[in-house]
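Note that my numbering numbers the sequence shown so that position 41 is 442, with each residue one more than the last. No residue lacks a Cβ here, since even glycine has one placed at the ideal position from N, Cα and C. The structure presented is a predicted model; accordingly, all values stated were derived computationally and were not measured. Take a look at the structure set out below.
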Amino acid sequence: MFELLLNPNNALFWVLIIAILAGAVIVISRPFSTYVKFVYPNAKFEAMGNPFIGDKELESIIDGKDIISFKETINTLKDYNISGDDTYSMQKSLDDTFITTIEMMKNDSSKKMQKFYDVYLEKLDMHLIKNVLKRKLEEREIEETSFDQAVLPTTKELLNKIAGCKKEDLPSVLRDFGFEGFVIDSISDETVDYLKIDTAIDRHFIHKLKQVKVPYKCEPGKQKFVKTMLDLVNIKNVLRAKQFGYDPESCKKLFISEGREIASWKYDEISEVDSVSQVISGLEGTSYFDALKNSIETYNKDKSVQVLETSLDSLFLKLVGDISTQNYVTIGPTIRFLVSKEFEIRNLKIITKGISENLSPDNIKGFLVMEAGQ
Numbered sequence: 402m403f404e405l406l407l408n409p410n411n412a413l414f415w416v417l418i419i420a421i422l423a424g425a426v427i428v429i430s431r432p433f434s435t436y437v438k439f440v441y442p443n444a445k446f447e448a449m450g451n452p453f454i455g456d457k458e459l460e461s462i463i464d465g466k467d468i469i470s471f472k473e474t475i476n477t478l479k480d481y482n483i484s485g486d487d488t489y490s491m492q493k494s495l496d497d498t499f500i501t502t503i504e505m506m507k508n509d510s511s512k513k514m515q516k517f518y519d520v521y522l523e524k525l526d527m528h529l530i531k532n533v534l535k536r537k538l539e540e541r542e543i544e545e546t547s548f549d550q551a552v553l554p555t556t557k558e559l560l561n562k563i564a565g566c567k568k569e570d571l572p573s574v575l576r577d578f579g580f581e582g583f584v585i586d587s588i589s590d591e592t593v594d595y596l597k598i599d600t601a602i603d604r605h606f607i608h609k610l611k612q613v614k615v616p617y618k619c620e621p622g623k624q625k626f627v628k629t630m631l632d633l634v635n636i637k638n639v640l641r642a643k644q645f646g647y648d649p650e651s652c653k654k655l656f657i658s659e660g661r662e663i664a665s666w667k668y669d670e671i672s673e674v675d676s677v678s679q680v681i682s683g684l685e686g687t688s689y690f691d692a693l694k695n696s697i698e699t700y701n702k703d704k705s706v707q708v709l710e711t712s713l714d715s716l717f718l719k720l721v722g723d724i725s726t727q728n729y730v731t732i733g734p735t736i737r738f739l740v741s742k743e744f745e746i747r748n749l750k751i752i753t754k755g756i757s758e759n760l761s762p763d764n765i766k767g768f769l770v771m772e773a774g775q
């Protein structure tokens, strides 16, 4: 039999050779087929850029005399067409710009990236879900007019269900909409624990992002991105918890899951300390230590973890930039543009609010997230 297969004069020999060559071509070409799908969208995203996470660009627009002149300045630049004459409507217009951007990215990308964008859009609705859940648990009035802010129809449906159900029926409503047991556990305490609910909803979103399928060769870059996000959320949870005076066991309940550098044992270790400054000291040796150490003086003066969170967000932008470089021919530039646009919109909303409240440029700048190293 083997002699027949290896005999060039036999037809089976050439069938075998063709099958081997076809298999080799498929194996070799598969990565390139993925790369090709990212050439156009990544080139477009790189060309568009994200100017409003840079120091110089932000400096040039903070000095606006009023929000109308600020709006006119932004609208002279590419990719922006802000509408409205008051703070709320302009911030809403900026939110709409981000949603439009994600839809543009979705249309320009491979079909295998669609679900990734759909899950990311869910992130925009998480704050609404958190707020409505807390109001329901506290038996406070729920402003149903806010439901129109929901990006996804399923979110609006969920919010209406929460508003219309009895308090004891909340677990079944959440299960019907795909929320895991840990979210339901977070609403089961007699006393409403805001941080615990926030953490559970964040965990729900990150788990979905971690599990969503992306094209071949993109999974390592996506996982690195998600694990970096996990590190940042875990650190922020401990910082807030220590600021609020949580005991170690309560802090440990806020752990989401292991990221790139914050393993469960490291999280437990920093949960055991007594203060915010000790949490920072406990992070020595990680990528996050220097950013927090450089902000500790401002924290000691203001006693607000906001400055520490802003420093972590700035570092996050840099780390996402590193992920982009490491995954340049696949998902890297896509993730970088998406995350940077999110923080760019956030910065513009902060500036809108700051100018309308007559804050000084220096005060406004303290709330802005700029990529570390810029």
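Along the chain, where does the alpha helix (DSSP H) containing residue i start, and where does it finish?
{"i": "C652", "result": "649 to 653"}
{"i": "Y700", "result": "697 to 703"}
{"i": "L560", "result": "554 to 565"}
{"i": "M514", "result": "Careful: M514 lies outside any alpha helix (DSSP H) and carries neither H nor E."}
{"i": "N748", "result": "733 to 757"}
{"i": "V639", "result": "620 to 644"}
{"i": "G660", "result": "Element bounds for G660: n/a, residue is neither H nor E."}
{"i": "Y489", "result": "488 to 509"}
{"i": "I463", "result": "456 to 463"}
{"i": "M771", "result": "Neither: M771 is in no alpha helix (DSSP H) and is coded neither H nor E."}
{"i": "K477", "result": "The sequence shown places Thr at residue 477, rather than the Lys named in the question. Element bounds for T477: n/a, residue is neither H nor E."}
{"i": "T726", "result": "707 to 727"}
{"i": "T600", "result": "595 to 612"}
{"i": "A692", "result": "690 to 694"}
{"i": "P616", "result": "Element bounds for P616: n/a, residue is neither H nor E."}
{"i": "Q679", "result": "677 to 683"}
{"i": "G485", "result": "Element bounds for G485: n/a, residue is neither H nor E."}
{"i": "G686", "result": "Here G686 belongs to no alpha helix (DSSP H), and DSSP marks it neither H nor E."}
{"i": "V574", "result": "571 to 577"}
{"i": "K535", "result": "527 to 538"}
{"i": "G835", "result": "Outside the modelled stretch of the chain, which goes from 402 to 775, sits residue 835, for which no answer is possible."}
{"i": "D763", "result": "762 to 766"}
Do the CB positions of residue i and residue j come within less than 9 Å of each other?
{"i": "Y499", "j": "K742", "result": "According to the sequence as given, residue 499 is Phe; it is not Tyr. Cβ atoms of F499 and K742: closer than 9 Å."}
{"i": "L522", "j": "I503", "result": "yes"}
{"i": "I756", "j": "I475", "result": "no"}
{"i": "I602", "j": "S587", "result": "yes"}
{"i": "L575", "j": "V584", "result": "yes"}
{"i": "M449", "j": "F768", "result": "no"}
{"i": "E439", "j": "S547", "result": "The question names Glu, yet the displayed sequence has Phe at residue 439. Cβ atoms of F439 and S547: not closer than 9 Å."}
{"i": "E539", "j": "A564", "result": "no"}
{"i": "E659", "j": "K628", "result": "yes"}
{"i": "V613", "j": "F517", "result": "yes"}
{"i": "K537", "j": "K568", "result": "yes"}
{"i": "K694", "j": "D669", "result": "no"}
{"i": "Y436", "j": "T731", "result": "yes"}
{"i": "D496", "j": "L525", "result": "yes"}
{"i": "N482", "j": "F744", "result": "no"}
{"i": "L610", "j": "V520", "result": "yes"}
{"i": "D740", "j": "L713", "result": "It should be noted that the sequence gives Val, not Asp, for residue 740. No, the Cβ-Cβ distance between V740 and L713 is not below 9 Å."}
{"i": "G733", "j": "N508", "result": "no"}
{"i": "T600", "j": "F578", "result": "no"}
{"i": "K704", "j": "E460", "result": "no"}
{"i": "T488", "j": "I469", "result": "no"}
{"i": "S665", "j": "P649", "result": "no"}
So residue i and residue j are supposed to be a Cβ contact under 8 Å. How far apart are they, rounded?
{"i": "V533", "j": "L560", "result": "5 Å"}
{"i": "P616", "j": "M514", "result": "7 Å"}
{"i": "L684", "j": "I657", "result": "Their Cβ separation, rounded to whole angstroms, is 17 Å, which puts L684 and I657 out of contact at 8 Å."}
{"i": "Q492", "j": "T753", "result": "6 Å"}
{"i": "V680", "j": "Y700", "result": "That belief does not hold up - the Cβ atoms of V680 and Y700 are roughly 11 Å apart, past 8 Å."}
{"i": "S715", "j": "E772", "result": "6 Å"}
{"i": "M527", "j": "F453", "result": "With a Cβ gap of about 23 Å, M527 and F453 do not count as contacting."}
{"i": "K535", "j": "I598", "result": "6 Å"}
{"i": "L529", "j": "A551", "result": "6 Å"}
Margin query: Using a Cβ distance threshold of 8 Å, determine whether the segment 620 to 627 contacts the segment 722 to 735, with at least three qualifying pairs required.
Written below: yes
- prompt: Can at least three beta-carbon pairs, one atom from the segment 670 to 690 and one from the segment 746 to 757, be found at a separation below 8 Å?
  reply: A contact between stretches requires three or more CB pairs, one per stretch, nearer than 8 Å, and the segment 670 to 690 fails this requirement with the segment 746 to 757.
Check whether the segment 630 to 645 touches the segment 708 to 716, taking contact to mean three or more Cβ pairs, one atom from each stretch, closer than 8 Å.
yes
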